[in-house]
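Visitor: Pasting a structure below so you can have a look.
Protein chains: 2
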Amino acid sequence: MPTYTAPVKDMQFLLQDVLRVTETGVPGYEDLDASFTSAVLDEAGKVASEVLAPLNAVGDAQGCVLENGVVRTPEGFKAAFEAMKEGGWTALDCDPEYGGQGLPYLMGTAVGEIFVSANMAFNMYQGLTHGAYSAIHAHGTDDQKATYLPKMVSCEWTGTMNLTEPHCGTDLGLLRTKAEPQADGSYKITGQKIFISAGEHDMAENIIHLVLAKAPGGGEGTKGISLFIVPKFMVKEDGSLGDRNAVSVGKIEEKMGIHGNATCVLNYDGATGFLLGELHKGMRAMFTMMNEARLGVGLQGYAVAEAAYQNAVAYSKDRLQGRDVTGAKNPAGAADPLIVHPDIRRSLMDQKSFVEGARALTFWGASLIDRHHRQNDAAADGLVGLLTPVIKGFQTDKGFEMAVQAQQVYGGHGYIEEQGMSQFVRDARIAMIYEGANGVQALDLVGRKLAADGGKHVMAFFEMVKAECKAHEGDARMAPFTEALKAASKQMQAAGMFFMQNGMKNPNAALAGSYDFMHLMGHVCLGLMWTRMAKAAHDALDAGAADKAFYETKIATGRYYMARQLPACAAHLARIESGADPVMALAAEAF
Amino acid sequence: MPTYTAPVKDMQFLLQDVLRVTETGVPGYEDLDASFTSAVLDEAGKVASEVLAPLNAVGDAQGCVLENGVVRTPEGFKAAFEAMKEGGWTALDCDPEYGGQGLPYLMGTAVGEIFVSANMAFNMYQGLTHGAYSAIHAHGTDDQKATYLPKMVSCEWTGTMNLTEPHCGTDLGLLRTKAEPQADGSYKITGQKIFISAGEHDMAENIIHLVLAKAPGGGEGTKGISLFIVPKFMVKEDGSLGDRNAVSVGKIEEKMGIHGNATCVLNYDGATGFLLGELHKGMRAMFTMMNEARLGVGLQGYAVAEAAYQNAVAYSKDRLQGRDVTGAKNPAGAADPLIVHPDIRRSLMDQKSFVEGARALTFWGASLIDRHHRQNDAAADGLVGLLTPVIKGFQTDKGFEMAVQAQQVYGGHGYIEEQGMSQFVRDARIAMIYEGANGVQALDLVGRKLAADGGKHVMAFFEMVKAECKAHEGDARMAPFTEALKAASKQMQAAGMFFMQNGMKNPNAALAGSYDFMHLMGHVCLGLMWTRMAKAAHDALDAGAADKAFYETKIATGRYYMARQLPACAAHLARIESGADPVMALAAEAF
């Protein structure tokens, strides 16, 4: 069975050496020194290793069971959820006004990674709650906040997001769930929602559903949509729970993975709902949280890959098979461990260099969100808006691919469920789909984010890359990083130029290359991250850091990424520059 | 639930227009005219669509059950197996001397694709039997052949291959199963074998296990290994069944996919076995069938992708979501079908151009095996030996990737087991692992096949590519094909050169690039196939073929492959040329 150890040292390297958080001036970051953050991360790591990771396989094997309208979570989940509440983990980066601990989003992200790596399906219960919390926090009335937030911060009540219906996922303009205004100011909500993660379960007293529905008078398509709070149990004036609301579970889905999370069909039969935010502006309210939600899914991509990687490493050191072609490494044994073989190394380096690069990008993204929220930094907001589809789309594609590679290290044993590697692959698969399928992320990136605010944010990104390269001019040690980054960044610029020149005449010329652009930009982003990490590692070594091996490993891992992953950029550019013709050549009937 | 229709027209295009089988002079190919082959393929397609495909999801959901040492296959499997036997499908390309129909291996391959697409797990029962049949046919005594082959041709008895043990998969030199010679010339086989596909089930009267074991006196490692026939029930002189042999099922594995096939732990407790082929030359005997076995797995890679693709196409035409950015295509409806969106097209074209290219490569490989067996053509044997690791490794990697893409077209619905897309992904995953994990295929390709016979076969391959390009010089219609193919082939040559120049000093310099080389060569092979297919399509159009749209679609699909997939070759070359240093930089403890 897989095990998991939180990569606290790698996280600290990012926080202290690369982001240098305490020096940034972001309000709240002044507390994030090495000793405080270590205490938090170590403790989270302990909970993850001892409580959550052992339940991961249990959740997968048992799944959730629906009986008489009640969903039973897998054995041990309820106790683990209690432990999470008691440890205060659910309140970490929530508003102190409602019982939160007020830590920056960046710390929530670091701790979140640890919990997701240990048990992705379990962590979704609080992850969804956090999303609903954020929506109410941003758009709720004072009354609504006072009523719901304290209980959601503590996870005594959990939350859900209700968007999808059977006939509409991406295209929410098609949704049919109705909201009829009542005399008392509430609404009657009627309709069916599907794919509702954590939609029903036995771990909380109440569940607060946030539901997109159409109220009269809003017009066609997405314009008519409003967002509603629909509690499972009505909340009385005094805060105690009242009647059961008219929302029920139709069924729970049999899925490829994340079995420990209940994915529900929810039927709203005239359920009582309360408008959240402005009438007919529900899409806007829902998407205020989009960057965070998508960053959270991008995190799942590499967090699951991290857990899979750790186990692949252990297996490759343990399993004896074949001999090192350059001479036996374990002559006393019957064979050498797998890790001596160059192709196993290639696989482990692919995994390691991706995971660490993606963690850097995600942490950077989280710090930009903090800058936006805590310093009202519009440039940071624009930049993270640009990065979000890349963090979500690229990292979940690659995270899945790396989980598959980790499984492959096990050979035939990786295919046996008992080993747990299959679960990583099956769990990681959903992150490419939900919170906007990755094709939709690519569309968002190329169709919207590149041109947003007159292209300001992508220009700022290119300037940032340029400045990074310039800063290391003349430093021969950094040349392998800056040269590869420069070349990749130029390829990304060329792709952007191609879209500009051709997309006006024919939008398909840009959209046919959107997926490749998302990946091209993903590699440039990770190239930028590795350049920064290499610089920070060299600086630490120059300053006489005690753990030389750690920093040297960082540099070698970065060099691998630059040498072995950035060449993909040229291939993506070539695909992009082939334009729409090869993609759109066939009539639909020809497929 | 997924459906499947055999792509008979695409197959006929390969047989009649591209391979032009009846003109080749290969004995037996003279019968493979369009009318005969259509009759066979149509009939196979009917069985596949009506009998096998509907059982695919059943097999996945029910799996196999072990009770009191007996394995129960999923509902309907037994009746379907009877139908396969009665239809003569198990005997198609077997030797007429033992009841086979004597058709070329190429026809067995085409029919095999159809059955695998419809139900991969089910088809393994007869696939494994065919492998065991081939081994006995090649190495058995006349007595052994007479005893076992007729029943195996008819699949009244099925077969298995027993290689893996708990502590050894790839490294068979480590195996511990013992064979003790008996006075009567038989052997007592003792040991444990794992991952034995179709190792026990309820669809045949007897199961003929082929088992690798060590008999005394053979020396260390693989040299001491011999191959044995171990029947589940002993066969009496008159051919009737006698006592149960001392082989039993320890357990059946819970796997990620191919649930319909029983993957068994088999315990041999002094079971009676009979030497097959020469003593201590078991590895050689086993690997006589290696090209066929690996080609069969490479076929699974694209065959499952074909089935997944067909369903992705249907879904993309049916599901209404969003609008074509260039103008509504379904203005009367609430939205346009998914297939209008460029990124969905990109995905479908990736899938389609891969599957059709891989089919061409596999059929070509099968025709080379026929040339070897029916014309004793050593060059064909050498060439297919070179192509085999590519067909197995590249096609199963890509086949899995394409099944994932097909699943992605379904959005959230693709993650729900009920839709069947998850099964394609889970089933396809095993093909990257068994019959030599893909990393081992890459090792075989770069470490063995490139240099085999003084590099003769790879040189012949390059010459073949060169000749193909030369043949179309001056044909502007073919330029998009030959130019891309030439460039990719040069990149492959450069990679080979890099291995030669660096691999001598340091074998790791070659092995660190082996996986990329396998993929680079895969693209060159499919580029060659698409060049041939485009030429054949142009020829058919020039000759006034009735179905213009079909041939034009072929050309457009090929152009997509050349424009959008061959650029990957440059990236693979860059990875290869970065050498062993980035890959091997870290000490094992640094992971």
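Protein chains in written order, with the working numbering: chain A, 51 to 641; chain B, 51 to 641. Ideal placement from N, C-alpha and C gives every residue a C-beta, glycine not left out.
Give the DSSP bridge partners of P52 of chain B, in chain order.
Guide: According to DSSP, which records beta bridges pairwise, P52 of chain B is partnered with nothing at all.
Visitor: What residues of chain B sit near N552 of chain A, judged by a beta carbon separation below 7 Å?
Guide: Per Cβ cutoff of 7 Å: no residues; N552 of chain A is ~12 Å from chain B at best.
Visitor: Near V166 of chain B, which residues of its chain fall below 6 Å by C-beta distance, leaving aside the five closest residues on each side in sequence?
Guide: N173, Q350, A353
Visitor: Would you say S167 of chain A reaches chain B, if we count a Cβ-Cβ gap shorter than 9 Å as a contact?
Guide: no
Visitor: Within 9 Å (strictly less), CB to CB, does D643 of chain B reach chain A?
Guide: What the structure shows of chain B is the stretch from 51 to 641, and residue 643 of chain B is not part of that stretch, so it cannot be assessed.
Visitor: What are the partner residues of I257 of chain B, as DSSP defines its beta bridges?
Guide: B:T208
Visitor: According to DSSP, simplified to helix, strand and coil, what is R498 of chain B?
Guide: When secondary structure is reduced to three states using DSSP, R498 of chain B falls in the helix class.
Visitor: Would you list the one or two residues that DSSP bridges to I239 of chain A?
Guide: In DSSP, I239 of chain A forms a bridge with A:A229, A:A321.
Visitor: Figure out for me which residue from B:E342, B:C575, B:G348 has the closest Cα to the Cα of K536 of chain B.
Guide: Selected option, being the one with the closest Cα: B:C575.
Visitor: Any beta carbon of chain B sitting closer than 9 Å to that of R344 of chain A?
Guide: no
Visitor: On the criterion of 16 or more Cβ atoms from any shown chain inside 10 Å, does S85 of chain A qualify as buried, or is it exposed?
Guide: exposed
Visitor: Using a beta-carbon distance below 9 Å, is V261 of chain B in contact with chain A?
Guide: Answer no: the Cβ-Cβ gap between V261 of chain B and chain A never drops below 9 Å.
Visitor: Using a C-beta to C-beta distance shorter than 9 Å, which residues of chain B count as neighbours of E468 of chain A?
Guide: E303, E304
Visitor: So which residues of chain B does A384 of chain A contact, with C-beta pairs closer than 7 Å?
Guide: L224
Visitor: Sorted by chain position, which residues of the same chain lie with C-beta nearer than 7 Å to R122 of chain A's C-beta, five sequence neighbours on each side aside?
Guide: The residues are C114, V115, D252.
Visitor: What does T603 of chain B reach in chain A if we use C-beta pairs closer than 8 Å?
Guide: In chain order, L636, A640 make up the part of chain A whose C-beta sits under 8 Å from the C-beta of T603 of chain B.
Visitor: Strictly below 7 Å CB to CB, what residues from chain A border S628 of chain B?
Guide: A613, R614
Visitor: Return the residue from the list B:K331, B:T179, B:A263 that minimises the CA-CA distance to Q242 of chain B.
Guide: B:A263
Visitor: Rank A:A355, A:A382, A:T338 by C-alpha distance to the C-alpha of D431 of chain A and give the top, closest one.
Guide: Looking at the Cα atoms, A:T338 is the closest of the given residues.
Visitor: Of all the options B:F63, B:D400, B:P104, which has the alpha carbon lying nearest to the alpha carbon of A453 of chain B?
Guide: B:D400
Visitor: Residue range of the beta strand (DSSP E) that I275 of chain A falls in?
Guide: 275-281
Visitor: Would you kindly work out how many angstroms separate the C-alpha atoms of D145 of chain A and Q151 of chain A, rounded to a whole number?
Guide: 7 Å
Visitor: If I'm right that L388 of chain B touches R369 of chain B with Cβ under 8 Å, what's the distance once you round it to whole angstroms?
Guide: 5 Å
Visitor: How long is the line joining the alpha carbons of Y642 of chain A and N361 of chain A, rounded to whole angstroms?
Guide: Outside the modelled stretch of chain A, which goes from 51 to 641, sits residue 642 of chain A, for which no answer is possible.
Visitor: Output the distance between the C-alpha atoms of L69 of chain B and M583 of chain B, rounded to the nearest integer angstrom.
Guide: 9 Å
Visitor: From K59 of chain B to V405 of chain B, what does the alpha carbon distance come to, in whole angstroms?
Guide: 14 Å
Visitor: When you check each C-beta in the region 478-491 of chain A against every C-beta of chain B, which residues fall closer than 8 Å?
Guide: R479, I480, M482, I483, Y484, A487, N488, G489
Visitor: Measure how close the beta-carbons of G577 of chain A and M612 of chain A come, nearest whole angstrom, since I'm counting them as under 8 Å.
Guide: 6 Å
Visitor: Comparing the C-beta of C218 of chain B with each C-beta of chain A, is any distance below 9 Å?
Guide: yes
Visitor: For T220 of chain A, which beta-bridge partners are listed by DSSP?
Guide: Beta-bridge partners assigned by DSSP to T220 of chain A: none are found.
Visitor: Throw me the rounded Cβ distance for the T227 of chain A and Y318 of chain A pair, which I believe falls under 8 Å.
Guide: 7 Å
Visitor: For D477 of chain B and G249 of chain B, which I take to be in contact (beta-carbon distance under 8 Å), what is that distance rounded to the nearest angstrom?
Guide: With 8 Å as the limit, D477 of chain B and G249 of chain B do not qualify as a contact, their Cβ atoms being about 18 Å apart.
Visitor: Roughly how many angstroms separate the alpha carbons of K379 of chain A and D386 of chain A, rounded to a whole number?
Guide: Their Cα atoms are separated by approximately 6 Å.
Visitor: Using a Cβ-Cβ distance cut-off of 9 Å, determine whether N173 of chain A contacts chain B.
Guide: no
Visitor: Over the uninterrupted alpha helix (DSSP H) stretch that includes L287 of chain B, give me the two end residues.
Guide: Note that residue 287 of chain B is Glu in the sequence shown here, rather than Leu. Counting along the chain, E287 of chain B falls outside any alpha helix (DSSP H), and DSSP gives it neither H nor E.
Visitor: May I ask you to list the residues that DSSP assigns as paired with I246 of chain A?
Guide: A:C314
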